[in-house]
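9 is the number of the first residue of the sequence shown in the numbering used here; add one for each residue after it. By construction, the Cβ of each residue, glycine as well, lies at the ideal position given by its N, Cα and C atoms. The structure presented is a predicted model; accordingly, all values stated were derived computationally and were not measured. One structure is given below, encoded as structure tokens.
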Amino acid sequence: MAEHHEAILDRFRQAGALLEGHFLLSSGRHSPVYLQCALVLQHPALAEDLCRRLARAFADEGVETVLAPAIGGVVVAHEVARALGGRAVFAERAAGRMTLRRGFALARGERTLLVEDVVTTGGSLREVQQLAEGAGADVVAVAALVDRTGGADAGFGMPLTALVRLEAPTYVPEDCPQCRQGLPLVKPGSRDM
Ligand SMILES: [Zn+2]
Numbered sequence: 009m010a011e012h013h014e015a016i017l018d019r020f021r022q023a024g025a026l027l028e029g030h031f032l033l034s035s036g037r038h039s040p041v042y043l044q045c046a047l048v049l050q051h052p053a054l055a056e057d058l059c060r061r062l063a064r065a066f067a068d069e070g071v072e073t074v075l076a077p078a079i080g081g082v083v084v085a086h087e088v089a090r091a092l093g094g095r096a097v098f099a100e101r102a103a104g105r106m107t108l109r110r111g112f113a114l115a116r117g118e119r120t121l122l123v124e125d126v127v128t129t130g131g132s133l134r135e136v137q138q139l140a141e142g143a144g145a146d147v148v149a150v151a152a153l154v155d156r157t158g159g160a161d162a163g164f165g166m167p168l169t170a171l172v173r174l175e176a177p178t179y180v181p182e183d184c185p186q187c188r189q190g191l192p193l194v195k196p197g198s199r200d201m
């Protein structure tokens, strides 16, 4: 996948989903990189293509069901399931816990692929993994379009498969190199963009 890395990142850039500069994150930290995966997934043809590329890694795994945490993973699960020919279901937070609602269920031994749009700490996806394992499903793999873990162990107990890996450091304002350079700080999603 490595030779396609920059080409895929360019598609994120063209969709305005990947910005480089000086950004204020919702956490209050600053980053030279801003990623909003929804801006690439809003284009169905792009979503289909990216997810098909991700799905290739699991073509021989006998995947029956693709499960994602809502909201970010819903479109990814749908498109990966389309590529693999399985079901797409999602878990959502109810009373603070990731839950299968709407009549969604996993059978014991069901070959299940877990997907997400972006994995940073992996918290939601780990919860979904516990949910699937708790239902007795056979978790085949864990995958994301973008891996932002920076190589940290997200605690899945299995490797994270990703279409691209994105180095995206964040800083407290006092340590931010872009602040030191005097670059204007941009709040993503605001009209100043
Ligand atoms: Zn800064």
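List in chain order: all unbroken alpha helix (DSSP H) runs of 4+ residues lying wholly within the region 113-201.
-> Within the region 113-201, the runs of alpha helix (DSSP H) at least 4 residues long that lie entirely inside it are, in chain order, 131-142, 185-188.
What is the rounded straight-line gap between the Cα of Leu193 and the Cα of Leu26?
-> The sequence position of residue 193 within the sequence shown is 185, counting from 1. The sequence position of residue 26 within the sequence shown is 18, counting from 1. Taking the straight line from one Cα to the other gives about 16 Å.
Is His51 near ligand 2, going by C-beta to nearest heavy atom under 6 Å?
-> This structure lacks ligand 2; its bound ligands are ligand 1.
What's the gap between the Cα of Val154 and the Cα of Val123?
-> As a first step, residue 154 must be located in the sequence shown, where it is residue number 146. As a first step, residue 123 must be located in the sequence shown, where it is residue number 115. Taking the straight line joining both Cα atoms gives about 10 Å.
Val88: buried (16+ other C-beta within 10 angstroms of its C-beta) or exposed?
-> As a working mapping, residue 88 is identified with position 80 in the sequence shown. By the neighbour-count rule (16 or more Cβ atoms within 10 Å), Val88 is buried.
Is the closest heavy atom of ligand 1 to the C-beta of Gln189 under 6 Å?
-> Locating residue 189 in the sequence shown gives position 181, where the first residue counts as 1. No.
N-terminal and C-terminal residue of the beta strand (DSSP E) that Val74 is part of | Your numbering for residue 74 matches position 66 in the sequence shown. 73-77 is the extent of the beta strand (DSSP E) around Val74.
Considering only C-alpha positions, which residue in the set His12, Leu139, Thr178 is nearest to Leu62?
-> By 1-based counting over the sequence shown, the position of residue 62 is 54. Comparing Cα positions, the closest option is His12.
Which value, in whole angstroms, describes the spacing of the CA atoms of Leu174 and Val41?
-> Residue numbering aside, residue 174 sits at position 166 when the sequence shown is read from its first letter. Residue numbering aside, residue 41 sits at position 33 when the sequence shown is read from its first letter. When rounded, the distance between both Cα atoms is 9 Å.
Should Asp200 go down as buried or exposed, given a rule of 16 or more other Cβ atoms within 10 Å for buried?
-> Looking up residue 200 in the sequence shown gives position 192. Summary for Asp200: the model assigns pLDDT 49, below 50, so the residue's position carries little reliability; its value from the coordinates is reported in the next sentence. Only exposed fits Asp200, as fewer than 16 other CB atoms lie within 10 angstroms of its CB.
CB-CB length for Val172 against Leu54, believed under 8 Å | Here residue 172 corresponds to residue number 164 of the sequence shown, with the count starting at 1. Here residue 54 corresponds to residue number 46 of the sequence shown, with the count starting at 1. That pair is no contact at about 14 Å.
Closest Cα partner of Asp68 within the set Val127, Arg116, Ala152, Gly94 | Along the sequence shown, one-based indexing puts residue 68 at 60. Measuring C-alpha to C-alpha distances from Asp68 to each of Val127, Arg116, Ala152, Gly94 identifies Gly94 as the nearest.
Could you tell me which of Ala78, Glu56, Ala149, Val48 sits nearest to Met166, measuring between CA atoms?
-> Walking along the sequence shown from the start, residue 166 turns up at place 158. Ranked by Cα distance from Met166, the options Ala78, Glu56, Ala149, Val48 are led by Ala149.
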